[in-house]
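Here the sequence shown stands for residues 988 to 1430, where the numbers follow our numbering.
Note that beta-carbon positions come from the ideal geometry of N, C-alpha and C, so glycine has one too.
If you're wondering where the values come from, they're calculated on a predicted model, not measured in any experiment.
Below: one structure, written as structure tokens.
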Amino acid sequence: MHEGVVARVARLGRSLTGVQEDVLNTVPAERSRFTTLGAVVAGTALMSMISMVIALSCVFGSLPLAGLPFVLLWGALVLSLDRWLMSSAAGRRPRHRLGKLIPRLLLSIAIGFVVAEPVLLAIFNTAVIERVERHRTDEIIQLQSDLLICNPVPGQSAHTAVPATGCGELRLSLAGQEAEAKGAELTALSGQATGLGRQVAADAETYAALEFAARQECTGADGPGLSGHSGVGPNCVRLRDQADQFRHDHRIAENAQQLTDLTRRIQALSAEIGVSASGFAADRESRIAEEIAKARHRQGAIGLLERIRALGELVSEDRRIQVVVWALRALFVVVDALPMLVKALNGSTAYDAVVADRLHHQETAQRLIAETEAQRVRLREETRRQEIAARQSAARRVAVRRVLATTIPADESWEALTSARARYLMEESPTPQRPVPPGELFT
């Protein structure tokens, strides 16, 4: 019983190579070879299923139950493809055999690259995940920085450059944003107050000098440009008028009052902005936290493309990793292409010779059958043409006898015969016939 189970398992393994058992019975020495090839084909299919499991786990975080049919389907597809490649590569002539093996070997290598990538991701899983998480952390930090830059607290000057992509989509709708308008108004009022303050200070200094000169003249003080006579004389009146005129022309009192009003407005706006800015900052912090949470949620589980990109970065940064990755990739490619490699290395076997002979005999038999059928069709067509010609000849003879049996004159007999012959030719003859002269009618 044990031997029977082993035989059935071996037969099943050989069936994976596409071998024909009735042909293999003629060369029993080839059984062990094809049993081993069947194990190789089963191994490549199993490796492809493991690769699909890893790929689906990278996409969904874990292998879902709904993904099991895809795993089995992928394994069956690779198994069927390898089986076809093995069974269709048989041949006796080296050139013909090489022409079959090369494209099939290239196809196996391409499948090997596809199968190898998820397995490599599993081998370098720790480094790949670390790199992906670092990228995601950098993206979150950059997003937070851009949100802070594009939503500054009113009243605070931003010293950081705006992001290269602009702030269009990074602007947040925040409470207290009216403080930005107040901040702009405060800046304008501060500039206005600064300019007006300089003007008021300069005018006050000039007016004070004029007032001092008039007072010196009126008190009789000695000095350059002074008369030295006390009392309200002409010079005293003139200097006082100059001082009063300057005060009037330069609106010293009005400007001083305006400066006072500006100062009060600036103080009030500063207080309002301080209150709004505190609420704005709290709301901004809350909204930025929400945006960061949304960004983390959008990142989700680490996907397959992120892993592939991270593996590519690791390979490009470290030559040692590059050598290891390509060595492993070549190993998996060779393993996946192993059935075709073994087939190519074995060369033409006795089984291949028997299969080639059978194919040749089948092709010869098919060609003979086709030629026989074509000859049968030609004979059938020739027989049909002869039957048609015989019927036409019999019909002509009957028509001639009918004309000869009549008792009408010769000229009328000739006309009747000609009419009968014309009717026959119009109705039954496939090609027009020439008229029969009277001299040939009875010959």
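Determine whether the beta carbon atoms of residue i and residue j lie at a separation below 8 Å.
i       : j       : result
PHE1057 : LEU1066 : no
ALA1103 : ARG1316 : yes
MET1039 : TRP1061 : yes
LEU1068 : PRO1326 : no
ALA1324 : LEU1092 : yes
VAL1027 : VAL1329 : yes
GLU1017 : THR1336 : yes
GLY1000 : SER1074 : no
PHE1319 : VAL1106 : yes
LEU1108 : LEU1298 : yes
ILE1239 : LEU1130 : no
LEU1173 : SER1049 : no
LEU1176 : ARG1252 : yes
LEU1476 : ALA1180 : Outside the displayed range of the chain (988 to 1430) lies residue 1476, so it cannot be described from this structure.
ILE1275 : LEU1134 : yes
ALA1243 : TYR1194 : no
ALA1196 : ARG1227 : no
Whose C-alpha, out of the options, is nearest the C-alpha of residue i?
i       : options                            : result
GLU1198 : ARG1225, LYS1330, ARG1185          : ARG1225
MET1036 : LEU1011, ALA1063, THR1022, ALA1297 : ALA1063
ALA1189 : ASN1222, PRO1221, ARG1234, GLY1220 : ARG1234
ALA1032 : THR1250, GLY991, ILE1098           : ILE1098
LEU1003 : GLN1353, SER1273, LEU1072, ILE1128 : LEU1072
ARG1118 : GLU1374, ARG1296, ALA1343          : ARG1296
SER1273 : VAL1187, ASN1138, ASN1112, TRP1313 : ASN1138
GLU1311 : GLY1030, ALA1029, PHE1111          : Before going on, a small fix: residue 1311 reads as Val here, not Glu. Minimum Cα distance to VAL1311 is reached at PHE1111.
GLU1120 : THR1247, LEU1094, ALA1288, PRO1051 : ALA1288
GLU1241 : ASP1305, GLN1186, ALA1282          : GLN1186
ALA1382 : ALA1409, GLN1362, TRP1313          : ALA1409
Short of 6 Å in beta carbon distance, which residues of its chain neighbour residue i, apart from the five on each side in sequence? Order them along the chain.
i       : result
GLY1054 : LEU1043
LEU1292 : none
THR1394 : Here THR1394 scores only 49 on pLDDT, less than 50, and its place in the model is too uncertain to base an answer on.
GLY1030 : none
GLN1373 : none
For residue i, which residues of its own chain have a beta-carbon under 7 Å away from its beta-carbon, when the five flanking residues on both sides are left out?
i       : result
GLN1245 : LEU1183
ARG1123 : GLN1286
GLN1007 : none
VAL1341 : VAL1010, THR1013, VAL1014
ALA997  : THR1022
THR1370 : none
ASP1236 : none
ARG1070 : LEU1003, THR1004, GLY1005, VAL1028
Sorry if obvious, but does the Cβ on residue i come closer than 7 Å to a heavy atom of the ligand MN?
i       : result
TYR1338 : Because no ligand of any kind appears in the structure shown, any question about the ligand MN cannot be addressed here.
Spatial neighbours of residue i within its chain, please: CB distance less than 8 Å, with the 5 preceding and 5 following residues excluded, ordered by chain position.
i       : result
ALA994  : none
GLY1290 : CYS1045, VAL1046
ASN1333 : ARG1020
LEU1217 : Sequence check: residue 1217 is Ser here, not Leu. Closer than 8 Å at the Cβ level, and outside the excluded window around SER1217, lie CYS1205, THR1206, GLY1207.
PRO1090 : none
ARG1345 : VAL1010
LEU1094 : LEU1068, LEU1072
SER1303 : GLN1309
LEU1059 : MET1036
VAL1321 : GLY1099, LEU1328
ARG1384 : none
- Complete beta strand (DSSP E) runs within the region 1243 to 1316 (minimum length 3 residues, chain order): none
- Item | Ordered list of alpha helix (DSSP H) runs contained in the region 1031 to 1084, each at least 4 residues | 1055 to 1074
- Output the residue ranges of the alpha helix (DSSP H) runs that lie fully inside the region 1178 to 1237 and measure 4 residues or longer, sorted by chain position. 1221 to 1236
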